[in-house]
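Enquirer: Protein chains in written order, with the numbering used here: chain Y, 110 to 228; chain B, 110 to 228.
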DNA sequence: CTGATGATCAACCATATGGTTTATAATATC
DNA sequence: GATATTATAAACCATATGGTTGATCATCAG
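1) Along the alpha helix (DSSP H) that carries residue 185/B, what are the first and last residues, could you check?
2) List, in order along the chain, the chain Y residues whose C-beta lies closer than 7 Å to that of residue 197/B?
3) Tell me the rounded alpha-carbon separation between residue 228/Y and residue 157/B.
4) Leaving aside the five residues before and after residue 160/B along the sequence, list all residues of the same chain whose C-beta is less than 7 Å from its C-beta, in chain order.
5) What's the C-alpha gap between residue 189/B and residue 178/Y?
6) Along chain Y, in chain order, which residues have C-beta atoms closer than 8 Å to that of residue 115/B?
7) For residue 162/Y, count neighbouring Cβ atoms within 10 angstroms of its own Cβ and tell me buried if that reaches 16, exposed if not.
8) Going along the chain, which unbroken runs of the beta strand (DSSP E) with 3 or more residues stay wholly within the segment 123 to 210 of chain Y?
9) Return yes when the Cβ of residue 183/B is within less than 8 Å of the Cβ of residue 172/B, no when it is not.
10) Straight-line CA distance for residue 155/B to residue 149/B?
11) Starting from the C-beta of residue 196/B, find all residues in its chain whose C-beta is less than 7 Å away, skip the five residues before and the five after it, and write them out in chain order.
12) With distances taken Cα to Cα, identify the nearest neighbour of residue 202/B among 124/Y, 153/Y, 138/Y, 181/Y.
13) Would residue 120/Y pass as a contact of residue 169/Y if the rule is Cβ separation under 8 Å?
14) Just verifying my parser: in three-state terms, what is the DSSP assignment at residue 228/Y?
15) Comparing the C-beta of residue 140/B with each C-beta of chain Y, is any distance below 8 Å?
16) Cβ-heavy atom distance between residue 162/Y and the ligand ADP below 7 Å?
17) Name the chain Y residues whose beta carbon is nearer than 7 Å to that of residue 187/B?
18) How many Å lie between residue 151/Y and residue 141/B at the Cα?
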């Protein structure tokens, strides 16, 4: 059980340790479903290269694929990030002494990302 | 600036993508300062191997080193995790949506069934 | 000074990673 | 059927990674 979780954290953190893949996840978060070539288009990289990145994300459980004809539609599967975030959250108490700095960071991130999410 | 942040996320996530290094960080969080060999002792690995892991953590800014005589004392530098956690936190809404929905459901049910109910 | 200890460095090895090119499979379109 | 489009697969390449062994350095204890 614990081993499985450790392996999951390995693959998730590994998948996140590449800026192209992180940008792909961000695109999926913003735009919803996208084909592989649509995901690939922003990058100066062959389609085959981008396809491999998508495969890494899929293997990490961060992306789900739905094949329709010759098009592979990808969508974000964010749940897998929960474990990673929980892992990091444990360490929050070690940096929250500088609470102001953190709060500023999160607030900036929040305003940049979540528009009109308030109820 | 953004590039620098991306590079930081690269190295931090990369450093976290190894269970030995994550365990070392946990040890430092629990026990405070530890020497390199003390950090290495739980693992069936040469001291040189463990030393390389410590170096990776140090390069990622997750560990600080204080040399005293021949002993290198390491301590956790958790602040660097804040960016990584902030990055992940953006995606929280994609996995908590189900919880939000559930919560709304329960709240409606609660209001319909029992008045003045405490949360 | 001698020897043991804590740690790094350098060289090496096997495998993984990020990328390419070329080929192939599957599906649209003409 | 012929051809173009979407995507993967396979082979390859350079570099990175996780680990080892052996040498070296610095320091502490006799």
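Just so it is clear, CB atoms sit at the ideal spot from N, CA and C, and this is done for glycine as well.
Expert: Quick look at the numbers:
1) Premise fails: residue 185/B lies in the beta strand (DSSP E), 180 to 185, not in any alpha helix (DSSP H).
2) 190, 193, 194, 197
3) Residue placement at residue 228/Y is flagged as unreliable, the pLDDT there being 41, under the threshold of 50; the coordinate-derived value follows with that caveat. Going from the Cα of residue 228/Y to the Cα of residue 157/B covers about 54 Å.
4) 145
5) 44 Å
6) 128, 131
7) So residue 162/Y counts as buried.
8) 172 to 177, 180 to 185
9) A contact, by the Cβ cut-off of 8 Å.
10) Approximately 8 Å, taken between the alpha carbons.
11) 118
12) 138/Y
13) yes
14) The predicted model places residue 228/Y with a pLDDT of 41, which falls under 50 and marks its position as unreliable; any figure quoted below should be read in that light. Residue 228/Y falls in the coil class under three-state DSSP.
15) no
16) Absent from the structure shown: the ligand ADP. Ligands present: none.
17) For residue 187/B, the C-beta contacts it makes with chain Y under 7 Å involve 200, 203, 204, in order along the chain.
18) Going by the C-alpha atoms only, they are around 44 Å apart.
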